[in-house]
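Colleague:
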Amino acid sequence: SQQGEEDPQALSIQEGENATMNCSYKTSINNLQWYRQNSGRGLVHLILIRSNEREKHSGRLRVTLDTSKKSSSLLITASRAADTASYFCAPNQGGKLIFGQGTELSVKP
Amino acid sequence: KAGVTQTPRYLIKTRGQQVTLSCSPISGHRSVSWYQQTPGQGLQFLFEYFSETQRNKGNFPGRFSGRQFSNSRSEMNVSTLELGDSALYLCASSPEGYNQPQHFGDGTRLSIL
């Protein structure tokens, strides 16, 4: 079964708004990674947060990790039409990335 | 630095055939992992190679196999192809340890007729 479960499955917002995606997982992890995928293409690495970190920032991205609740969130601030894509969280369990079904984000101009 | 390169980008095969996919990791990366992506099952881990040895394995039948060469390039092979093997096969590389990002290639789209 999938370990990373994203919520919501789909999200539609206007340009300039913030987008928040949540992820839950089931077992202990080394780290958790977030990826973006545009239709039919490979995965683009966004950010890695280690199990002993609580928050990490990269540009317009903010990721949090709560290992006690086995959950993570990705916040994209001031979204742009180019952010339209599928977003996946991937808990890393001993080198295996365990993906969920992803969140489809649509940012309307 | 060049990214992860996968060849070919597209492949069409028929049931019962076998196929070999290739992955060249980012220069200096020693770990290569393979994933299968389908609409129904999503992204699933196949296996990981490090220093020419399989270090991790997912839950796929023995028809799926792989290897890694001394220059870290990797190949995966699928024998006796089935319709359900139609998928996007993605390769990812990382430097070494588990606390480093895995960087993906654009994948090989395999269609089985």
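Protein chains in written order, with the working numbering: chain A, -16 to 92; chain B, 16 to 128. A virtual CB, placed ideally from N, CA and C, is assigned to each residue, including glycine.
1. Identify the residues that DSSP records as bridge partners of B/N114: which are they?
2. Can you give me the start and stop residues for the beta strand (DSSP E) that B/T123 sits inside?
3. Indicate whether at least one CB of chain A lies closer than 7 Å to the CB of B/H118.
4. List the residues of chain B that A/Q16 touches, going by C-beta distances under 8 Å, in chain order.
5. Take every Cβ of the stretch 58 to 66 of chain B, pair it with every Cβ of the stretch 72 to 92 of chain A, and state whether three or more of those distances are shorter than 8 Å.
6. Would A/L26 pass as an interface residue toward chain B - the criterion being a Cβ-Cβ separation below 7 Å?
7. Name, please, each residue of chain A whose Cβ falls closer than 9 Å to the Cβ of B/E63.
8. Should the stretch 103 to 115 of chain B be called in touch with the stretch 5 to 17 of chain A, which here means at least 3 C-beta pairs below 8 Å?
Modeller: This is what the structure gives:
1. Reading the second sequence from its first residue, position 99 is the one you call residue 114 of chain B. Beta-bridge pairing links B/N114 to no other residue.
2. On the second sequence, position 108 is the one that residue 123 of chain B refers to. Unbroken beta strand (DSSP E) run through B/T123: T123 to I127.
3. Here residue 118 of chain B is taken as the residue at index 103 of the second sequence, counted from 1. Yes, contact with chain A.
4. Within the first sequence, the letter at position 33 stands for residue 16 of chain A. What A/Q16 touches in chain B: P116 and Q117.
5. yes
6. Along the first sequence, one-based indexing puts residue 26 of chain A at 43. Yes, because at least one Cβ of chain B sits closer than 7 Å to the Cβ of A/L26.
7. Here residue 63 of chain B refers to the residue found at position 48 of the second sequence. Near B/E63 (Cβ distances below 9 Å), the residues of chain A are G78 and K79.
8. yes
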